[in-house]
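Residue numbers (the numbering used here): 885 to 1112.
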């Protein structure tokens, strides 16, 4: 759990990631559920804005960590496909970096529609696990590592389906766009270590970071829709 939190922190603390979170908070209203809340950062930021925000995560350890980090937030253990919320009880639904790990993403989006009030807003965001842009002296090895990492994910390509999942579940005014997160320094080394493990490939990336020659870009797909 601590490793996952470290990886989430490495991503979420980037200025580009903070800006993207701010974008996803728009239009969520005054009662929001953040599904797959992880360490609870979004809930804490929403509460600081006066929003009644609830974080839901499947893992009790993650919920415990989130509550410790953000004592002003409300956190519950729950499944994305069976949220511990009443019908129509929230004005905003947010699922960030989570649907790739859900056994049935379509059911999760149907559950989003259930808990949203009419005209409520859903926001889905996450990376396409088959799309990493990494400068490397060994492109073939890089591609093999990306494929192997994608295979560790239940639904590595689900972000490509966000728009269609919203449409298929009756959402209106559906939009989809891509925001690219770029690293050029060593703050992304924990992410690259998770991708590759120890060895010559990671050693090259460490050397690139020291020489200011590192480049990693991750396209993040964001889709939104209105509950009719």
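Every residue, glycine too, gets a C-beta built ideally from N, C-alpha and C.
- Name the DSSP beta bridge partners of residue 977, please? Numbered from its first residue, the chain shown carries residue 977 at position 93. Looking at the DSSP assignment, residue 977 forms a beta bridge with 917 and 1006.
- Item | Beta bridge counterpart(s) of residue 1011 as assigned by DSSP | Here the question's residue 1011 lines up with position 127 in the chain shown. In the DSSP output, where bridge partners are listed per residue, residue 1011 has 1104.
- Message: Among 939, 1109 and 929, whose alpha-carbon lies nearest the alpha-carbon of residue 1056?
- Response: The count along the chain shown starts at 1 and reaches residue 1056 at position 172. Of the listed residues, the one whose Cα sits closest to residue 1056 is 1109.
- Query: Name the DSSP bridge partner or partners of residue 1111?
  - Reply: Along the chain shown, read from residue 1 onward, the residue named residue 1111 stands at position 227. In DSSP, residue 1111 forms a bridge with 1055.
- Message: Nearest by alpha-carbon distance to residue 937: which of 950, 957, 944 and 922 is it?
- Response: For the purposes of this step, residue 937 is taken as the residue at position 53 of the chain shown. Considering only alpha carbons, the answer is 957.
- residue 960 by DSSP, collapsed to three states: which one? As a first step, residue 960 is located in the chain shown; it is residue number 76 there, counting from the start. It is a strand residue.
- Task: Under 8 Å Cβ to Cβ from residue 997, same chain only, skipping five residues before and after it: list those, please.
- Result: Numbered from its first residue, the chain shown carries residue 997 at position 113. Closer than 8 Å at Cβ, skipping near neighbours: 1006, 1053, 1054, 1055 and 1111.
- Take the Cβ of residue 987 as the centre, count every other Cβ of all protein chains shown within 10 Å, and call the residue buried at 16 or more, exposed below. For the purposes of this step, residue 987 is taken as the residue at position 103 of the chain shown. Looking at its Cβ environment, which holds fewer than 16 other Cβ atoms inside 10 Å, residue 987 is exposed.
- Task: Can you grab the Cα-Cα spacing for the pair residue 1065 / residue 1018, in whole Å?
- Result: The sequence position of residue 1065 within the chain shown is 181, counting from 1. The sequence position of residue 1018 within the chain shown is 134, counting from 1. Roughly 12 Å between the two C-alpha positions.
- At a Cβ threshold of 8 Å, is residue 922 touching chain C? Included in the structure is just one protein chain, with no chain C present.
- Query: Should the region 937 to 948 be called in touch with the region 913 to 923, which here means at least 3 C-beta pairs below 8 Å?
  - Reply: yes
- Considering only residues of the region 887 to 958, which uninterrupted beta strand (DSSP E) runs meet the minimum length of 3 residues and lie entirely inside it, listed in chain order? 915 to 919 and 936 to 941
- Item | Selected residue, minimal CA-CA separation from residue 930, among 943, 915 and 944 | Start at 1 with the first residue of the chain shown, and residue 930 comes out as number 46. Here the closest residue by C-alpha is 915.
- Nearest to residue 1038 by CA position, among 985, 948 and 928, is which residue? Working through the chain shown from its first residue, we reach residue 1038 at position 154. Among 985, 948 and 928, the Cα nearest to that of residue 1038 belongs to 985.
- What span of residues does the alpha helix (DSSP H) with residue 993 cover, start to end? For the purposes of this step, residue 993 is taken as residue 109 along the chain shown, with counting starting at 1. Where residue 993 is concerned, the enclosing alpha helix (DSSP H) stretches over 989 to 999.
- Could you check where the alpha helix (DSSP H) with residue 1076 kicks off and where it finishes? Counting from 1 along the chain shown, the entry for residue 1076 is found at position 192. Taken as a continuous stretch (DSSP letters only), the alpha helix (DSSP H) holding residue 1076 covers 1073 to 1080.
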